[in-house]
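In what follows, a structure is listed as structure tokens, so that the remarks can point back to it.
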Amino acid sequence: MPTMTYLQAISDAMRQEMRHDERVFVMGEDIGVFGGAFKVTDGFIEEFGPDRVMDTPLAESGIIGTAVGAAVVGLRPICEMQFADFISCGFDQLVNVAGKMYYRQGLPVNITVRLPSGGGFSGGPYHSQNPEAWFMHAPGMKVVAPSTAEDAKGLLVSAVRDRNPVVFLEHKHLYRRVKGEVPDGLYETPFTARVAREGTDLTVFAYGAMVHTAMEATEDLDGASVEVVDLRSLVPLDEEAILASVRKTSKALIVDEANETCAAGAQVAALIADRGFEDLDGPVRRVATPDIPIPFSPPLEQAVLPSVDRVKEAARELLEY
Amino acid sequence: MPTMTYLQAISDAMRQEMRHDERVFVMGEDIGVFGGAFKVTDGFIEEFGPDRVMDTPLAESGIIGTAVGAAVVGLRPICEMQFADFISCGFDQLVNVAGKMYYRQGLPVNITVRLPSGGGFSGGPYHSQNPEAWFMHAPGMKVVAPSTAEDAKGLLVSAVRDRNPVVFLEHKHLYRRVKGEVPDGLYETPFTARVAREGTDLTVFAYGAMVHTAMEATEDLDGASVEVVDLRSLVPLDEEAILASVRKTSKALIVDEANETCAAGAQVAALIADRGFEDLDGPVRRVATPDIPIPFSPPLEQAVLPSVDRVKEAARELLEY
Amino acid sequence: MATKTAGPEGEHAPGGVASEHLTLDDRVALLKYMLLMRGIEERAMNLYRQGKVPGSFYDGYGQEAVSVGSAFAMAAEDRLCVLHRDLGAHLVRGVTPARILGQYMGRDGGVTGGRDGNIHFGDFRVGCVGMVSMLPDMMLVATGLAMAFKMRREARCAITWFGDGSTSRGDFHEAMNWAGLQRLPVIFVLENNQYAYSTPLDQQFAVDPVERAQGYGFPGVRVDGNDPEAMFEATREARERAIAGGGPTLLEAMTMRMHGHAAHDDMKYVPKEQVEEWRQKDPIDRQEARVRDLGADVDALREEVTAAIDAGTQEALAMAMPDPATATDRVFYDGEEDLVLGDGAAPWSGFAVGARDRGA
Amino acid sequence: MATKTAGPEGEHAPGGVASEHLTLDDRVALLKYMLLMRGIEERAMNLYRQGKVPGSFYDGYGQEAVSVGSAFAMAAEDRLCVLHRDLGAHLVRGVTPARILGQYMGRDGGVTGGRDGNIHFGDFRVGCVGMVSMLPDMMLVATGLAMAFKMRREARCAITWFGDGSTSRGDFHEAMNWAGLQRLPVIFVLENNQYAYSTPLDQQFAVDPVERAQGYGFPGVRVDGNDPEAMFEATREARERAIAGGGPTLLEAMTMRMHGHAAHDDMKYVPKEQVEEWRQKDPIDRQEARVRDLGADVDALREEVTAAIDAGTQEALAMAMPDPATATDRVFYDGEEDLVLGDGAAPWSGFAVGARDRGA
Ligand SMILES: Cc1ncc(C[n+]2csc(CCOP(=O)(O)OP(=O)(O)O)c2C)c(N)n1
Ligand SMILES: Cc1ncc(C[n+]2csc(CCOP(=O)(O)OP(=O)(O)O)c2C)c(N)n1
Ligand SMILES: [Mg+2]
Ligand SMILES: [Mg+2]
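Residue numbers (the numbering used here), protein chains in the order written: chain A, 5 to 325; chain B, 5 to 325; chain C, 2 to 361; chain D, 2 to 361.
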């Protein structure tokens, strides 16, 4: 198996799926000749031409809205937001048009919206957001967030093939930092959780970049056996996998890079507090970013994003509980 | 004290605050001559003139964005969305411009955005939404949701005077169904929770219309002493009041009209599961609307909105736990 | 690229030169769909008053020519995003009165099975996308349909409708710019009915939006929106251009919303004279006079329409309410079948076999 | 209402008739602010290369005339929403090089104290609102400023800048429509620098957006964006009209983004000849030649500017990084003081005491 970066895996998924299925095309700002702000579609326009690698005007509502139109006549658009933050400008089309069409009208909307998200590199308030919880709270769309190169490829293939709108969170800070073996060819990764490391004393739940933070923080925690569950899919949320892990470890720590209130982590905590209550042997702890815009300056940003140290500390507290 | 409907109390707050403070003005679609879709600003244009009761074009981004501009030069706009659902079209201006300005630039944005929200009257997918969790998950804005006429007035006065963006959820289904004594004159209601009924066996947490559902459901529950906490403010969330009530009753049920995942109720549950864990004597239960668009037809809508019966059942289960 | 007028004073004036593309049967069909639209909406309004239509109720009284005339010019393989004053388009595409009335009443057999309400529906099997409330979001969806047609090099066209008020929102601009830039086969029908809810035109824009089309690189054409034949002809021309690669057209249908915004609205804010003035231009009266002059049996047609609506009403009233146990079904699709927009009825004689080859 | 051109071929052509509203000191000041802008951005770019500027770095190399010229026409009590190529506007309003360089480096003493990054700042105490990334959201904020001025019947004007790419988004339309409808005292400066990131104009719109102004009921004026005096004069006129109740103006500043979109962008997608062509029109060279001809000591000015930047750099480098313990402070404001936009510097001689009475 070839080794790829997370970013290459995303490109590979799209390139192969576009070769495989002529209904699939990509659209977004500067994705053509320029190959995208992060070069995810580098070389695509040469291979697939400007029709299937569509450079759009600066218009996020336009991108999502026209993608919906193209989807309902049988195409399978993959929309790139230049940064996840800009989805706010296409928010209405996504939550009200794409998300509700199938329930209301029986007409599925087969679009994938790629959101380069997350902070950690001084992107500041508008290039660091993690907006997934907004879409978890908007019925009718699936939400996935890979942490590894292998899952990035497999989840993206699944997303493109899924008949429903799928919001695909790709963490910018993983693009080139994370590498791994990625199977050749096309494969689908299911929208379920993955046990990143087995353990018995405590479970850390995370997704996206925070999986790596969680792994690092609990690698060697005074000999404790810490399970790390990579949620991978937020909608559907793999409730059984979450509850099964709590059943095993009795202790849950949830790590979330997004702003804390009403985040994905809050939903996981609420789930455990309800259906996992009997298995709990300690409070359900969370480590998340406080409810502030992500500050630009490195000392400020580092102070608020969940760090290995904060996760370690919370894990230790829970283990000692 | 005069008796007023919830709707009259909202009008009264604005009318009096506009008389009291010439910086305050209202803007929105059809709020002038027509008096607003729900007649909340009926008679306003006659009293305050078209400058301070500004009929706007159909442009939600325009409403929020221009309000931000007016606010930073010293005015205090109150924006009306015709239905809360349409805030999706002004979402970006609200979360990215209004919400982040003070943190980023030190410049507070004194706007109030009124959102007539909620279902229960066959409004269908686009006239029934409860979008508050999106704004709880967007740093920099306060979020309040009154359940009584008295609080509707007091919270709105506080919202208008608050230097920060405040999202004011007014539940359409309470407009004319809820009446109560409302103090004359201007008063501010703090952004804290309110104990709607004292109790010792179980606490039901709710806000907006669900406070009434909670009260009715637990009025006579086989003699149990059920506390009902009306959250009133979602940001800031009165964490101490929530935890104090759990300390007293040891059992928590959270009722939320919004779609369940990542809702306000999830945040309350997560809080209790963390900081109230030691006081808990049972799982943290939730009753909410499943993750679907709100259906139009009465039997479908009634099947999904939290009902008195569903709350009763959940409360009984918890009491018996 | 300049703004044309095909309005009351133009070639499509009432009683003026009729389109050479319409047979008498076509003209009668236009009347029939308008009568059906008005009749169904009147019936629905009665059902609303009887408490049988939940929620709110919107109609297009007085605007029937707009949706009927323009939908009539669309081919089976074209696709439509139909808005809230445009019941006529659904009828032209072949949706039955029963399914529409069932829709209004929230019945299981209504177009959306009670999932969505009132006029928020579209039968995708006949090529229509159900509108969303957020105006004018569907302009972008229609633009996307056209984008797909162009990408696949198909000779098809998309059409959508929206009101004067809707032109104030950003999505209007994004759709117009996108369609103009890519020269997409899409027709935008701006239904200028003088008001957006209570808001008159002069509180919405300084310059009539039809003038804006040229700023996006395509023509804006003003049409008498109370003449179904004028609407047909303008749409037919726009469609022909679109299919020939000529790009989009903005048609401004000049009309008047003769009822309140919705059932609860007494439209006190509308001057009586304005309503009176437009009553004289009633599209049904005009088309009726026109075809009567040409020898059509209008009385029989009216009876036929009434009978169809009566039957549809009975059928709709017999439909069950949806089963509450199904309320949470159908959030995600994971079936096998490809559910995409299908072809609809295209009753214009120009689409009959052979007619196409004539280049109609 | 038609589109005017005040471009290279117009009255403000390089070496053409200079504005009668500018003294020699004003002209030198224009040069000074442009030199400051270019110098500070060059310095910041060096600091970026040294790893002292975190995140990304954007500049306005080659576009200095746009923000400097137009900001120079604004009065102390006017208000500005300044965009990412418009450092010159901050300088005209009186923000010091040290605070700007501190901003780029994320220092505590930078304009936002490290909360926001690079060019995303505004010192509200001198009348500037810090931009947000979402383009062109600030057009609506500027429109709102003007709305407040009109409501309070104040003789003040708002101005904002935005790029050619930004015109594709809905907020452009909502702002243009709103401002035109209410005839608000706001100036929209469309900075047409040929590209939106990598996207050339012909992939953004079919018709140049300056043509759209008339569709909103106000003039669109094309200006030579590489001539600070042309920018000044067009803005001065627009401001005068605005304050007299004449409504908004769209100024299209024709210019060229001479650097990549941001520091990482090698702009391979830009033809070399295009860059070469525009290099000939460098705004600083042109203004320098102009004032040198009129007898100004440009060498001294350059030294003065370099010294100011050197000193600012030292000052900025000496600033501390923000204290991590403060990261979560200042989410909500609950102080006593009214924090609203304040007056800024307005260095144009026309604003000097007495000048106003002359109607300048
Ligand atoms: C984005 C959005 N904001 C507000 C509304 C509420 N609303 C429903 S219809 C309407 C007026 C629409 O006017 P117009 O576009 O002229 O259509 P008409 O009803 O006159 O046909 C308004 C404001 C809406 N549907 N969508
Ligand atoms: C709403 C939005 N979408 C995407 C972006 C990402 N982005 C940043 S600058 C830029 C190009 C802007 O072009 P233009 O408006 O012409 O300004 P210029 O940089 O050329 O001055 C893009 C796409 C953005 N800032 N805002
Ligand atoms: Mg209208
Ligand atoms: Mg540009």
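No residue lacks a Cβ here, since even glycine has one placed at the ideal position from N, Cα and C.
Check: residue i C-beta below 7 Å from any heavy atom of ligand 4
| i | result |
| --- | --- |
| D:Arg223 | no |
| D:Arg170 | no |
| B:Arg251 | no |
For residue j and residue i, the rounded distance between their alpha carbons
| i | j | result |
| --- | --- | --- |
| D:Ala328 | D:Ile244 | 42 Å |
| C:Phe333 | B:Tyr211 | 30 Å |
| A:Val37 | B:Lys104 | 34 Å |
| C:Gly40 | C:Leu92 | 12 Å |
| A:Ala75 | C:Cys158 | 16 Å |
| B:Gly280 | B:Asn263 | 24 Å |
| C:Ser20 | C:Glu234 | 7 Å |
| C:Met38 | D:Leu146 | 46 Å |
| C:Arg223 | D:Asn178 | 20 Å |
Closer than 7 Å: residue i CB and nearest ligand 3 heavy atom
| i | result |
| --- | --- |
| C:Asp138 | no |
| C:Asp165 | yes |
Three-way DSSP call (helix, strand, coil) for residue i in this model
| i | result |
| --- | --- |
| D:Thr168 | helix |
| B:Ile91 | helix |
| C:Thr250 | strand |
| B:Glu21 | helix |
| A:Leu206 | strand |
| D:Thr363 | With chain D represented from 2 up to 361, any question about residue 363 of chain D goes unanswered, as that position is not in the structure. |
| D:Trp349 | coil |
| A:Arg290 | strand |
| D:Ala7 | At D:Ala7, the pLDDT of 47 sits below 50, so the modelled position is not reliable and the matter cannot be decided from this model. |
| C:Glu78 | coil |
| D:Met38 | helix |
| C:Gly52 | coil |
| A:Glu303 | Correcting the residue type first, residue 303 of chain A is Pro in the shown sequence and not Glu. Looking at A:Pro303 - three-state DSSP - the assignment turns out to be helix. |
Under 8 Å between C-beta atoms of residue i and residue j
| i | j | result |
| --- | --- | --- |
| D:Leu295 | D:Leu36 | no |
| B:Met8 | B:Asp16 | yes |
| C:Leu102 | C:Thr314 | yes |
| A:Met214 | A:Pro299 | no |
| C:Ala55 | C:Gly107 | Checking the sequence, you will find Pro at residue 55 of chain C rather than Ala. Against a cut-off of 8 Å, the Cβ pair of C:Gly107 and C:Pro55 comes out as a contact. |
| A:Val239 | A:Thr222 | no |
| C:Gly123 | C:Val67 | no |
Residue i: CB within 7 Å of a non-hydrogen atom of ligand 2
| i | result |
| --- | --- |
| D:Asn194 | yes |
| D:Ser1 | The question about residue 1 of chain D has no answer here: the residues shown for chain D are numbered 2 through 361. |
| D:Tyr198 | yes |
| C:Cys158 | no |
| A:Glu64 | yes |
| D:Glu42 | no |
heavy atom of ligand 1 below 7 Å from residue i C-beta
| i | result |
| --- | --- |
| B:Phe90 | yes |
| B:His141 | no |
| A:Glu386 | For chain A, the structure presents residues 5 to 325; residue 386 of chain A sits outside this window and is missing. |
| B:Glu33 | yes |
Open item on the list: Threshold first: 4 residues or longer. Then list the alpha helix (DSSP H) segments lying entirely within the region 147 to 203 of chain B, N to C.
Closed with: 153 to 165
Task: Secondary structure, alpha helix (DSSP H): runs of 4+ residues fully inside the region 48 to 95 of chain B - done: 48 to 56, 64 to 76
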